[in-house]
Amino acid sequence: MLERTMTTQLLLMTIAALFWLLYLGSRRFVGQRFGRRSAAHQQVGHLFYGLLTLYAIGHIVFVGFAWLNRADFPLNLETMELLKLQHVRRLLSGLPLYVAPSADFIPLVYNPLYYYIVLPFTWIGGVNLYSLRMAAIVAAAGSYGVVFLAVRQSVAHLAGSDHSNANAVRRRAVPSWLLSPSWWGLMAVGLMAAAFRVMDTYLDNAAADSWTLLTILLGSYLISLHRSRLVNFTGLLLLIAAFWLKQYGAIFTLGAVGYLTWRDGWHSWPYWLVAIGLGPLLYFAMPARWVGPEFHYYTWDVPRQWAEFSLNSTILRVAKYIVKHFGWLMLSAGLVWFRQIARNTRTLTIWNFLLPFALLSGPYVALDPGNNNNVFIPLATWLIITGVTATYVLMTNLRPAQRFAAPLLFLSASFALVAYQPATILIPHTAQASYQDLVHTLEELHAAVYAPGIGQLQDHELFSPTVHWVTLIDLIRRPGVDLCDQPLARRLLDPVFHPKGPAYILLEHPLDEDALLAFLSDVYVLDTNFGNRFIALRDSPKLLEVGWPTYLYRYDPPLGKADSWRCG
Numbered sequence: 002m003l004e005r006t007m008t009t010q011l012l013l014m015t016i017a018a019l020f021w022l023l024y025l026g027s028r029r030f031v032g033q034r035f036g037r038r039s040a041a042h043q044q045v046g047h048l049f050y051g052l053l054t055l056y057a058i059g060h061i062v063f064v065g066f067a068w069l070n071r072a073d074f075p076l077n078l079e080t081m082e083l084l085k086l087q088h089v090r091r092l093l094s095g096l097p098l099y100v101a102p103s104a105d106f107i108p109l110v111y112n113p114l115y116y117y118i119v120l121p122f123t124w125i126g127g128v129n130l131y132s133l134r135m136a137a138i139v140a141a142a143g144s145y146g147v148v149f150l151a152v153r154q155s156v157a158h159l160a161g162s163d164h165s166n167a168n169a170v171r172r173r174a175v176p177s178w179l180l181s182p183s184w185w186g187l188m189a190v191g192l193m194a195a196a197f198r199v200m201d202t203y204l205d206n207a208a209a210d211s212w213t214l215l216t217i218l219l220g221s222y223l224i225s226l227h228r229s230r231l232v233n234f235t236g237l238l239l240l241i242a243a244f245w246l247k248q249y250g251a252i253f254t255l256g257a258v259g260y261l262t263w264r265d266g267w268h269s270w271p272y273w274l275v276a277i278g279l280g281p282l283l284y285f286a287m288p289a290r291w292v293g294p295e296f297h298y299y300t301w302d303v304p305r306q307w308a309e310f311s312l313n314s315t316i317l318r319v320a321k322y323i324v325k326h327f328g329w330l331m332l333s334a335g336l337v338w339f340r341q342i343a344r345n346t347r348t349l350t351i352w353n354f355l356l357p358f359a360l361l362s363g364p365y366v367a368l369d370p371g372n373n374n375n376v377f378i379p380l381a382t383w384l385i386i387t388g389v390t391a392t393y394v395l396m397t398n399l400r401p402a403q404r405f406a407a408p409l410l411f412l413s414a415s416f417a418l419v420a421y422q423p424a425t426i427l428i429p430h431t432a433q434a435s436y437q438d439l440v441h442t443l444e445e446l447h448a449a450v451y452a453p454g455i456g457q458l459q460d461h462e463l464f465s466p467t468v469h470w471v472t473l474i475d476l477i478r479r480p481g482v483d484l485c486d487q488p489l490a491r492r493l494l495d496p497v498f499h500p501k502g503p504a505y506i507l508l509e510h511p512l513d514e515d516a517l518l519a520f521l522s523d524v525y526v527l528d529t530n531f532g533n534r535f536i537a538l539r540d541s542p543k544l545l546e547v548g549w550p551t552y553l554y555r556y557d558p559p560l561g562k563a564d565s566w567r568c569g
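Using the working numbering, the first residue of the sequence shown is number 2, and each one after it goes up by one.
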């Protein structure tokens, strides 16, 4: 879990500030000794900005390596990966997704497009986690590419509209590449890669996050080109697809249609027609035979019951996330956004226009306090795009920013705020051996095993029943509801409470500490505490981490009738 204190963040920013001060001091010393127009004075800028460039490239290369390192991890990088694979298998078997809850399957609450997108990848690589993760990696790489194009496009437009300020920067003895739109695009991609951990390492997971981000970014980029109505419609369709991947994509779809209306006036009415028709109208008219009879129950009724507004979990959580990890980018983006609003709103790009919508998406997704920080990925990406572009604007329009090397400070500090220990996201080399050890251990039990944190393995059918704790708890949780001894949990887990033969439960935490499942401790006793034996199978770092298979409980009911579990 990357939940650092503000003190740690200040220390990291201090390191970045010292790097910046060292540059200013070196530039001043060399300028006084050799002259401000000397080659040595120029080389100081090349050295420090070159180091920053190498740091960004290093993050990009490392994240690419990490994606490949993690792709064949045999268990969950994220607690719901195997559950999503279960959804894909249902599609391939011709079974509906959104069906009544049972002991073997409860669907997730997301819209269904993701499960269809990954199908072609399973045709190539097989129906396994590797195929789903490769699909995510393709989308993540595509997202990085669009971030590069978006920033390069924005900077090129700004550079082309203000040659005088660019010439002033040239006289400041900074590297020529600071005026290259591609360099700023590279910095944005470097920050995306560096922020992989604070985005909860989700972009390469078997999840819809990377595809949601790609459709939002690519749709916005196509609209920004302002080429033709066909291109605009293509971009809009991609943004509508984002909604069909994850419901919060609707915020960006609404913002994009608003941008088209602001830019094109009454000519934008067809965009509204398409957005409404393929968005809410199709959603509420979705035939049950397409995806299952309980589609609206899972994707509309269930998520609504989680909504819980509070100052701390809804507003302050988002504010802390932004300030702690993207504070400098938010500062630069905010300054330039207000400057454009005050001077000429016609200069707003789609990226700046959608910035308030991206910020709004933060509190919206935070209405569910049970979310990981992956829900902030579009928000963080927007801050990177607009923040990096805004840093260029500050450099070319403010003399103090030119004189005191604001890009070096802002970008170095931004990299510092998302710094992490790289080894924490890599998969241990013992993971495959540990997985085989786990499988062998469970096979030797010759009994039914319920693993609520896993569901079912990708290559062995060892667990029964296979209902996942996430989807089970999703049906129950809501503000003010105690999870302990819930009738629905008792009914669905009756095959676990009353097994037909020898039975076990495999957990990542003690059974009696799990409010939802604690009633099972009436009839299950601890058989084995594996400790760190399977620690190589722990999930990838997240805000809310699950852990690794640790506790094995054996079915051992008392001789008399089991007492009902008493919460407390």
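Using N, Cα and C, we set each Cβ at its ideal position, and we do this for glycine too.
Buried versus exposed call for residue i [16 or more other C-beta atoms within 10 Å across all chains shown]
i: Gln248; result: buried
i: Leu515; result: The amino acid at residue 515 is misidentified as Leu; the sequence shows Asp. Answer is buried; the Cβ neighbour count reaches 16.
i: Glu79; result: buried
i: Arg492; result: exposed
i: Leu283; result: exposed
i: Pro102; result: buried
i: Thr387; result: buried
i: His227; result: exposed
i: Asn353; result: buried
i: His60; result: buried
Distance between residue j and residue i (C-alpha atoms, nearest Å)
i: Met7; j: Met14; result: 10 Å
i: Ala104; j: Leu489; result: 11 Å
i: Trp338; j: Asn375; result: 25 Å
i: Asp369; j: Phe30; result: 54 Å
i: Leu412; j: Gln403; result: 14 Å
i: Phe498; j: Trp549; result: 23 Å
i: Asp475; j: Val303; result: 7 Å
i: Val524; j: Asp557; result: 5 Å
i: Tyr393; j: Pro408; result: 7 Å
i: Asn206; j: Tyr50; result: 33 Å
i: Gly280; j: Arg28; result: 56 Å
i: Ser144; j: Thr472; result: 29 Å
i: Ala140; j: His158; result: 27 Å
i: Thr235; j: Ile536; result: 46 Å
i: Ser132; j: Thr123; result: 6 Å
i: Pro559; j: Ala449; result: 19 Å
i: Leu179; j: Leu219; result: 25 Å
i: Gly481; j: Asn313; result: 16 Å
i: Pro379; j: Leu215; result: 10 Å
i: Arg318; j: Ser362; result: 13 Å
i: Phe520; j: Cys485; result: 8 Å
i: Ile477; j: Thr397; result: 54 Å
i: Asp210; j: Asn345; result: 35 Å
Residues that residue i bridges to, as DSSP identifies them
i: Ala424; result: Paired residue(s): none; Ala424 is not in a bridge.
i: Val275; result: Paired residues: none, contrary to the question.
i: Phe464; result: Val450
i: Val526; result: Arg555
i: Ile125; result: Paired residues: none, contrary to the question.
i: Leu507; result: Leu553
Beta-carbon contacts of residue i that lie in its chain and below 8 Å, excluding the five residues immediately before and after
i: Asp495; result: Ala104
i: Ala116; result: The question names Ala, yet the displayed sequence has Tyr at residue 116. So the qualifying residues of the chain are Lys85, His88, Val89, Leu92, Leu98.
i: Val468; result: Pro102, Ser103, Ala104, Asp105, Phe106, Ile107, Pro453, Gly456, Leu493, Leu494
i: Trp148; result: The question names Trp, but residue 148 is Val in the sequence shown. Contacts found: Gly186, Ala189, Val190, Met193, Leu218, Thr382, Ile385, Ile386.
i: Arg71; result: Leu78, Arg134, Asp205, Ile426, Leu427, Ile428, Ser541
Same chain, Cβ closer than 7 Å to residue i, five either side skipped, listed in chain order
i: Pro75; result: Ala432, Gln433, Tyr436
i: Met188; result: Ala57, Val389, Leu412
i: Ala67; result: Ile426, Leu427
i: Leu53; result: Leu409, Leu412, Ser413
Residues of its chain near residue i, where Cβ-Cβ distance is below 6 Å and the 5 sequence neighbours each way are ignored
i: Phe197; result: Val64
i: Thr551; result: Glu509, Phe531
i: Trp245; result: Asn112, Leu114
i: His326; result: Val199, Leu418, Val419
i: Trp184; result: Trp178
i: Ala195; result: His60, Phe416, Val419
I'd like the ranges of any alpha helix (DSSP H) spanning at least 4 consecutive residues and lying wholly in the segment 382-411.
400-404
May I have a chain-ordered list of the alpha helix (DSSP H) segments no shorter than 4 residues that lie completely inside the segment 328-386?
351-354, 356-367
Runs of alpha helix (DSSP H) wholly within the segment 232-275 (minimum 4 residues, chain order)
250-265
In chain order, what are the residue ranges of uninterrupted alpha helix (DSSP H) at least 4 long that sit wholly in the segment 53-99?
82-93
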